[in-house]
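Residue numbers for the sequence shown follow my numbering, beginning at 100 and rising by one.
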Amino acid sequence: MTLCLASKGARDRPSPAFFPSILPPSGDRYRFVMTRPDRQRALLIYPRFAGTSFWNYRATCELMGAKYSAAPLGLITVAALLPAEWEVRLVNRNTEELQEADLLWADVVMTGGMLPQRADVLHLIDAARGRGKPVVVGGPDTTCAPDVYARADFRVLGEAEEVMAGFLAAWQEGAVEGVFKAKGFPDLSRSPTPRFDLLKLDQYLHVGVQFSRGCPFDCEFCNVIELNGRTPRTKTSVQMLAELDALRTLGYRGHVDLVDDNLIGNRRAVKPFLRDLSGWLEARGQPFEFSTEASLDLADDEELLSLLRAANFFAVFVGIETPDRQTLLAANKRQNANRDIARSVRAIHRAGIFVNAGFIIGFDTERRNVAQSIADCIEAASIPVCMVGLLFALPGTRLARRLEGEGRMAKEEARYGSEDADQCTSGINFRSLRPRHEVLRDYRDVLERIYSPEAYFRRARRAARELDCSAHSIRPSLRNAARDVRAAFGMLWRMGVRDPRVRAEWWRSVLDCATQNPAALKILLSFAALYLHLGPYSRDLVDRIDADIGSATKRGKPRHRTLEERPLPRA
Ligand code: SF4
């Protein structure tokens, strides 16, 4: 029934006035045809990320026998908010093909994601609607730029816990289109356990859970505060441990990523949770180890560091952005402005947690020596894995509003880059104060310097020496142990034997770690595995930037080669 209800003709049927009991709150709008049955079939599709990406770790996934790095937590949370009688299927376009049969099966298609997924979301909307299937689209990019998705039948804007009830009520009553906007931020203590059972768990390097949303800071370029607010909201320990129990019951073991905006944004809430988590892990034989994202002021809180350490945290992503104090103050990243960055990173390493960091080039206030100072900072702090990107004015941010006000934003059609652009390649979507080619040259110089095999493995060796891993106590399952042994041999062959570019550095690093700090060997090998992706990815990026600034042909280099054209040797 729902198929024909969603067709164009059906939209001209009765208006909401016929259903006064569910008239939308102001700001929402939708139209109705007739009530739908309780049992519906929802096809949830996680869109494909555009092109190559810093984050997809394609070669690393191959080595580990996974298809993609992270599982789609947002969609399985949406699935948990659907009525129990609904049938739900999940297709992740990053790990599998969408079958025609799946589309034909569905009563409704639900999709949405982030900016790098935009092109695929639009493609999916057209594919579903072309088959007469109504489409619901949501997620961060839809919330920030709803007009882009106007051709979807339904748009849900804001966090799912806040809008799904309104959408479902309207859907059940027969709505055929609508816009549903969250009126505030939901209380996460009422968020359901995500439907982990919908995931094919062996497809991923890690699975995500989430303790909090929001961040107390106010960095000008960040869309977290626009999307999730500045007062971090948290789940309870009971909820979190129930989620971990659900994962464990499904047989999952190993790496769990806490995908919080800033895990330590609400310290009063996170500390008791970490204590509970340590007890839970101990009682269940240490089934999981964790990574997360946090602000650099984590380094100042000894108690928090030891709680994270006791709860098997081994990695944290930190936004450092730039070592330039003036730029940090101008971007309102004050928590990083008055500190010794290298010393802060070392404090985190001493707790047995390695730091991955984000850096940005393209700020108005940065100086001509920015490339040198960023590369020096990365070197001094011994951070092997750095996401260095060009400043990007995300829709809805204070930065985008300021640049718009100054008349500096790129024209609408050029604002979000080409379809295959990612966070590293689509930046500077505005008129920069320094000449654009200078910014790009600085960017390529940083990449070339930090991702040469010598520099990368030198940092990896130093980080591995600094890490105190004595408290790590994950007990690997037999399956994970067999996978790790297979991956170690695969890496030995690919990096230690076949690839002349990294062979010497790989052996030197493995031997250094084995003799100086053998407890960190697993992490050292993880750094090496990540370089399988980061090495070729950074070289590809440098070629792209060269092509962009027109210097490639002058130096006789090829203008652009794709990752597929220049992979590392394979086993
Ligand atoms: S600390 Fe990180 S998450 Fe928080 S506002 Fe700044 S960039 Fe965003």
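Backbone N, C-alpha and C define an ideal beta-carbon position, used for all residues, glycine too. Since this is a predicted model, take the numbers as computed values, not measurements.
Near residue i, what residues of its chain come up, given a Cβ to Cβ distance below 8 Å and the 5 sequence neighbours on each side ignored?
i, result
"residue 221", "247, 248, 250"
"residue 166", "160, 193, 194, 195, 302, 303"
"residue 202", "142, 208, 226, 227, 230, 232"
"residue 546", "487, 637, 640, 641, 644"
"residue 120", "In this prediction, residue 120 scores a pLDDT of 29, lower than 50, which makes its location untrustworthy; the coordinate-derived value is nonetheless stated afterwards. So the list is empty, once near-sequence residues are dropped."
"residue 613", "620"
"residue 308", "172, 293, 339, 342, 343, 346, 355, 356, 357, 358"
Do residue j and residue i have their beta-carbon atoms positioned less than 9 Å apart in this structure?
i, j, result
"residue 446", "residue 486", "no"
"residue 273", "residue 135", "yes"
"residue 542", "residue 633", "no"
"residue 415", "residue 392", "yes"
"residue 210", "residue 187", "no"
"residue 608", "residue 559", "yes"
"residue 498", "residue 489", "no"
"residue 430", "residue 462", "yes"
"residue 396", "residue 345", "no"
"residue 631", "residue 298", "no"
"residue 493", "residue 321", "yes"
"residue 42", "residue 376", "Only positions 100 to 670 of the chain appear in this structure, which leaves residue 42 out of reach."
"residue 478", "residue 421", "no"
"residue 573", "residue 480", "no"
"residue 79", "residue 622", "Given that the chain is displayed from residue 100 to residue 670, the structure contains no residue 79 and the question cannot be resolved."
"residue 270", "residue 253", "yes"
"residue 469", "residue 482", "no"
When you compare the CB of residue i with every CB in chain D, is at least one pair closer than 9 Å?
i, result
"residue 474", "As a matter of chain content, chain D is missing from the structure shown, which is built from one protein chain."
I need the DSSP call for residue i, collapsed to helix, strand or coil.
i, result
"residue 120", "Residue placement at residue 120 is poorly supported in this model, since its pLDDT is 29, which falls under 50; the coordinates are not used for a value here."
"residue 568", "coil"
"residue 478", "helix"
"residue 489", "strand"
"residue 437", "coil"
"residue 672", "No answer is possible for residue 672: the residues shown for the chain start at 100 and end at 670."
"residue 456", "strand"
"residue 293", "coil"
"residue 671", "Within the shown structure, residues of the chain are numbered from 100 to 670, placing residue 671 beyond reach of any answer."
"residue 550", "coil"
"residue 419", "strand"
"residue 556", "helix"
"residue 211", "strand"
"residue 196", "coil"
"residue 205", "coil"
"residue 672", "Summary: the structure shown does not reach residue 672, with the chain confined to residues 100 through 670, and so no result is reported for it."
"residue 414", "strand"
"residue 505", "coil"
"residue 484", "coil"
"residue 186", "strand"
"residue 126", "Low confidence applies here, because residue 126 scores a pLDDT of 46, under 50, leaving its location unreliable and the question unanswered by this model."
"residue 467", "coil"
"residue 221", "helix"
Got a sec? Which residues, its chain only, sit under 6 Å from residue i by beta carbon, not counting five neighbours each side?
i, result
"residue 552", "600, 601, 604"
"residue 340", "379"
"residue 205", "140, 142, 232"
"residue 279", "127, 255, 262, 265, 266"
"residue 175", "293, 294, 297"
"residue 433", "none"
"residue 319", "430, 431, 497, 498"
"residue 436", "424, 427, 428"
Spatial neighbours of residue i within its chain, please: CB distance less than 7 Å, with the 5 preceding and 5 following residues excluded, ordered by chain position.
i, result
"residue 535", "527"
"residue 539", "644, 647, 648"
"residue 335", "288"
"residue 570", "408, 409, 451"
"residue 242", "256, 257, 326"
"residue 403", "363, 366, 370, 397"
"residue 579", "352, 353"
"residue 629", "156, 159, 484"
"residue 300", "306, 349, 351"
"residue 749", "The question about residue 749 has no answer here: the residues shown for the chain are numbered 100 through 670."
"residue 582", "163, 164"
What ranges does the beta strand (DSSP E) occupy inside the segment 312-336, keeping only unbroken runs of at least 3 residues that lie completely in it?
Correct list: empty.
Just list the alpha helix (DSSP H) runs in the segment 321-408, keeping only unbroken ones of 4 residues or longer that don't cross its boundaries, in chain order.
Fully enclosed alpha helix (DSSP H) runs of 4 or longer: 323-327, 336-348, 366-382.
### Query
Could you give the uninterrupted runs of the alpha helix (DSSP H) lying entirely in the segment 566-637, keeping only those of 4 residues or more?
List check, alpha helix (DSSP H) in window: 577-592, 602-615.
**Asked** Which residue spans inside the segment 154-184 form an unbroken beta strand (DSSP E) run of at least 3?
**Response** 167-169
Can you list the alpha helix (DSSP H) stretches of 4 or more residues lying completely in the segment 226-263, in chain order? 239-243
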